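Residue numbering for the sequence shown follows the working numbering, starting at 288 and increasing by one per position.
Taking it in order: structure first as structure tokens, then the write-up.
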Amino acid sequence: MVELYTQFIIRWRYLVILLTLATVMVTGFGAQKLSFSNDYRMFFGQDNPQLLEFEKMQNTFNKNDNILFVITPKDGRVFTPETLAAIRDITEEAWQIPFSTRVDSITNHQHTAAEEDDLVVDDLVVDPSALSGNELTDIQSIAINEPMMVRRLISPDSMYTGINVTVQLPGERLDEVPTAVAYARDMQAQYMEKYPHLDIRLVGLTMMNNAFPEASQDDAQNLYPLALGFIIVTLLLMLKGLSGTITTFLMIIFSIVTAMGLAGWLGIRLSPPVMSAPIMVLTMAIADAVHLLVTMKHEIHLGKNKVAAIVESMRINFWPIFVTTLTTVLGFLSLNFSDAPPFHDLGNIAAIGVAAAFIYSITFLPALITLLPAKSTREVTGKYAMGHFGDFVIKHYRSLLIGSSIVVLILVAMVPRNELNDVFVEYFDKTIDFRVDSDYAAENLTGVYYIDFSLGTDETGGISDPQFLKQADELVQYLRAQPEVIHVFSLTDTFKRLNKNMHGDDPAWYRLPDERNLAAQYLLLYEMSLPYGLDLNNQIDVGKTATKIAITLETLSSNEVLAFEQRVTEWLQQNMPDLQGSGTGPTVMFAHLGKRNINSMLIGTTVALFLISMVLIVFFRSLRYGLISLLPNLLPAAAAFGIWGMFVGQVGIALSVVTGMTLGIVVDDTVHFMSKYLRARREKGLDARQAVHYAFNSVGIALLVTSVVLIAGFMIMAQSHFELNAGMGLLTSIVITMALAIDFMLLPPLLIKLEENGEKKV
């Protein structure tokens, strides 16, 4: 059947090549519809409970996506006329940043003071050039003693300051984030030139959003050419000829174009995880071609002509390649169980690419290879050495079986050393400005981790109730006592300041108002005095039933964030059970994502394992061999996580998808080795030792080459500037390395041992 099919393809090879080119063009046309996602919310599904809670918070209060200008005077003094003038200028222009709705700095901070019976509300710094030395000292004292500003807009030592620009993106156009960031960067360059004594850095959620496509584009520019170059060199060394190299290279390119083009037609958005799909497809696609071409070269070496050789190669390899494609596709599709949508997209694109590679390898490859010259009759590189290695394994199978089993068991025992943990700011390496500037801001001025707690009442105007304010202030004081907390932004501080102002600025009255009506009047008077854009909508809702307490944290791991959130929640339940309060924000969302992803991927991996097991049992036509083959397919991931536990010990959201993803990949080696072993037993009547030698001799070098290519491809991915891709690439490389070692040094001894134990008939 396969022989007839291959002869049909060769007979109509020109038509097959034309149809292939047409298919690639039509599918590839969809690539122009691809666009980058620049919103961190892309990592959360629509039904993610933390995302829903966050959106509820943002609908109640103003959105708090931001760009923070971190300003460092080189003389180490913020409170000089020149530096304050620069801060005022930047503050005023920051209102022009596209989609900005609010700008907060030390110069436009709404300072309140009493003048006889009046409340005066004005910018803290009006005219920097007119300030005397004493006035500068007074302003500095006010700033570093104001809870609303210190560790948020000014460092306690007055050496660093910040200008926080609140950005509200409509979400209607893809260029909203890049437009806002480009304007901010222009300002950064302009003011560093105008004020050379200032160092200006940009951080914040909007900058993080923009870092995602920047990291993706950087990877595409640097890693894709590296991967393609490596593949070409490997193929030339391996196949010893241009014909096979050119055919394989074209097939790989066609597979990538088809996968990314169909992604465009399907409306998939590009994200850092998705940008690793082309490298995955590239490394996967080569496996099919290598198996077909290595066998073809072997047949030509035995004396067959090119057409007969490719027909025989297709007969031997068609079904193993089909099964390995199916299992790989199932493994990648298991990523749809992930709790992070970008991994759904990665899995689907990779699955499409692998399927396309199979189709092109059984159509385009035999059609084109018969048209190109194939003069060399030399065996592929390493063919004879692999035969000798097979003999070594057979000779020492008992020692290898025991030794390999012990090593694998030791590594598996190391798996519990891994801890589910992530630091989401560290998703980017230090070549990305956002990461460097975020670390700088956290070290010197304020943190980049935010958690917002909403405290609510059941009545309109309830936030002015003295009992509510007392409870809110108790929470604020509790939060400020926590070691992880850098800053707490709370309305209670405003009430205390207003109460002091309305009592002639007497410090003894710096406390919460005792009467509800008085508190409501203070709040109304203050609100009416605030300028446009600096109202209290970022702290209280429209009905004044709830207030938001904004917490800034040190850079923490996801476990530390979850522990902090739980601690605060438990404190609220114990001390204020009647108060409606909950914490949310991107920090909380990312912290929960890892745990949710692990749980969902356990289901996905189990489903993939079951389906792959069924495929193998059917393919091997044996329940026994189908189940035996699972051992070398499950152990590599377990052993790899053991190695990871020994040397790293941190598992994040990306690594939680590796087991399901690699399950389909590592099956490839087992399928090809087992299929050759069973062919030798069933068709040639060989015993287990002879069948193992036959398998090593016929497919060993192809398995070695495809594994090396896969390892190298994922190691190239490990050079990504995006930590999720880098970690996933490195761990996958370790899994594939372990799979090759187990398939060569544990599986063959196991098969020989089975025959010794009475498994004579296959």
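We treat Cβ as the ideally placed atom computed from N, Cα and C, and that holds for glycine.
Fair warning: this is a prediction, and the values are worked out from it, not measured in the lab.
(request) Counting only the same chain and skipping the five closest in sequence on each side, list residues whose C-beta sits under 7 Å from that of PHE630. (result) PRO560, LEU622, VAL944
(request) Could you check how far apart the C-beta atoms of VAL390 and THR378 are, in whole angstroms? I think they sit under 8 Å. (result) 6 Å
(message) For ASP352, tell me which candidate among VAL452, TRP858, ILE649, PRO753 has the shortest Cα-Cα distance.
(response) VAL452
(message) Does LEU524 pass the burial test, meaning 16 or more other C-beta atoms within 10 Å, or should it be called exposed?
(response) exposed
(request) Determine the contact status of PRO923 and VAL979, defining contact as a CB-CB distance below 7 Å. (result) no
(message) Within the continuous alpha helix (DSSP H) that includes LEU1038, where are the two ends?
(response) 1034 to 1043
(message) Report the start-end ranges of each beta strand (DSSP E) in the region 838 to 907 that is 3 residues or longer and not cut off at the edges.
(response) 867 to 871
(message) Less than 7 Å between the beta carbons of GLY531 and LEU355, yes or no?
(response) no
(message) Looking at the secondary structure, which residues open and close the alpha helix (DSSP H) in which SER428 lies?
(response) 420 to 432
(message) Determine whether the beta carbon atoms of LEU579 and SER600 lie at a separation below 7 Å.
(response) yes
(request) Examine the Cβ distances between the region 650 to 662 and the region 985 to 1001 and report whether three or more of them are shorter than 8 Å. (result) no
(message) Along the chain, where does the beta strand (DSSP E) containing GLY749 start, and where does it finish?
(response) Neither: GLY749 is in no beta strand (DSSP E) and is coded neither H nor E.
(request) Identify whether TYR797 lies in helix, strand or coil by the three-state DSSP scheme. (result) coil
(request) Have a look at PHE715, ASP801, LEU1027, LEU485 and flag the residue whose alpha-carbon is nearest the alpha-carbon of VAL986. (result) LEU1027
(request) Could you say if the region 457 to 464 and the region 314 to 328 meet the contact criterion of at least three C-beta pairs nearer than 8 Å? (result) yes
(message) Below 8 Å, how does it come out for the region 589 to 605 and the region 882 to 896: are there three or more Cβ pairs, yes or no?
(response) no
(request) Give the DSSP-derived three-state secondary structure of ARG488 in the structure shown. (result) strand
(request) Report the rounded CA-to-CA distance for ASP444 versus ARG767, giving the unit in angstroms. (result) 19 Å
(request) Report the option in PHE1009, ASP956, ILE1023 whose CA atom is closest to the CA atom of ARG722. (result) PHE1009
(request) Tell me GLN808's beta-bridge partners as DSSP assigns them. (result) BP columns for GLN808 are empty, so no partner.
(message) Between the alpha carbons of GLN1006 and SER777, how many angstroms are there, rounded?
(response) 43 Å
(request) Helix, strand or coil for ALA1005, going by three-state DSSP, please let me know. (result) coil
(message) Whole angstroms are fine: how far does the CA of THR582 sit from the CA of GLU713?
(response) 46 Å
(request) Would you kindly work out how many angstroms separate the C-alpha atoms of ALA401 and GLN808, rounded to a whole number? (result) 15 Å
(request) Go through its chain and collect everything with a Cβ distance to VAL938's Cβ below 6 Å, but skip five positions before and after it. (result) ASN705, LEU707
(request) Measure how close the beta-carbons of LEU411 and THR424 come, nearest whole angstrom, since I'm counting them as under 8 Å. (result) That pair is no contact at about 13 Å.
(message) Between which residues of its own chain and PRO703 is the CB-CB distance below 8 Å, once the five residues before and five after are set aside?
(response) GLY932
(request) For LEU942, I'd like the list of residues in its chain whose CB is within less than 6 Å of its CB, leaving aside the five on either flank, ordered along the chain. (result) GLY1014, LEU1018
(request) Check whether the Cβ atoms of GLU403 and THR871 sit closer than 7 Å, and answer yes or no. (result) no
(message) Three Cβ pairs or more, each shorter than 8 Å: is that satisfied between the region 634 to 651 and the region 606 to 619?
(response) yes
(request) Flag this pair as touching only if the region 841 to 861 and the region 426 to 443 have three or more C-beta atom pairs under 8 Å; answer yes or no. (result) no
(message) Taking the alpha-carbon of PRO368 as reference, which of PRO794, ILE426, VAL407 has the nearest alpha-carbon?
(response) ILE426
(message) Just list the residues that DSSP pairs ARG389 with in beta bridges.
(response) THR453
(message) Quick check on DSSP: helix, strand or coil for TYR736?
(response) strand
(request) Would you identify the three-state DSSP class for ASN496, choosing helix, strand or coil? (result) helix
(request) Below 8 Å on the Cβ atoms is my guess for THR832 versus THR744; work out the distance and round it to an integer in Å. (result) 5 Å
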